[in-house]
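In the working numbering, the protein residues as written are 301 to 433.
All residues carry an ideal CB built from backbone N, CA and C; glycine is no exception.
The model shown is predicted, which means the values in this text are computed figures rather than measured ones.
Okay, so here's the structure we're looking at.
Written out as structure tokens, the structure reads:
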């Protein structure tokens with residue numbers, strides 16, 4: 301008989317409980333946890349992102365959109381640029397997303413019917429050139 305085919309696990313786009321960036325689990329409600337996690341996620345991104353020199357030299361600004369999977373164990377996988385602005389910005393956004401796996405804590409995975417599931421997460425990353433006064 302042929303070997304059993306490994307069932308490809310579904311990756312959810314919408315779940316009852318969305319995955320959350322770490323550090324907010326002590327808050328009372330899901331809404332508070334989510335708002336806190338979104339804020340911490342943005343802080344992490346903008347603390348670690350480096351504006352690519354080519355983009356800066358060419359005055360490239362805009363929003364890169366990266367999609368990745370938050371796995372059932374909270375690891376980040378399969379980061380891909382789904383909207384690029386050029387100048388190395390997409391690669392830089394993906395690099396910072398991958399850095400999340402080096403944090404001491406993992407994401408809280410998304411949940412469907414109380415069970416952890418794989419979930420797509422779409423993250424817009426803004427590249428804005430700051431004009432020095």
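Considering only C-alpha positions, which residue in the set 342, 333, 321, 315 is nearest to residue 401?
321
Classification of residue 326 by the beta-carbon crowding that lies within 10 angstroms, buried from 16 upward
exposed
Ignoring anything shorter than 4 residues, give me the alpha helix (DSSP H) runs that lie fully in the segment 311-383, in order along the chain.
330-348, 353-357
Taking all protein chains shown into account, decide if residue 314 is buried (16 or more other Cβ within 10 angstroms of its Cβ) or exposed.
exposed
Just how far apart, CA to CA, sit residue 363 and residue 386?
Spanning the two alpha carbons is a distance of roughly 10 angstroms.
Would you mind reading off the limits of the beta strand (DSSP E) that contains residue 423?
415-427
Just to confirm, is the Cβ distance from residue 417 to residue 318 under 8 angstroms?
no
Going by Cα to Cα distance, which pick from 348, 427, 389, 330 is closest to residue 411?
330
Cβ of residue 407 within 8 angstroms of Cβ of residue 370?
Taking 8 angstroms as the cut-off, the Cβ atoms of residue 407 and residue 370 count as close.
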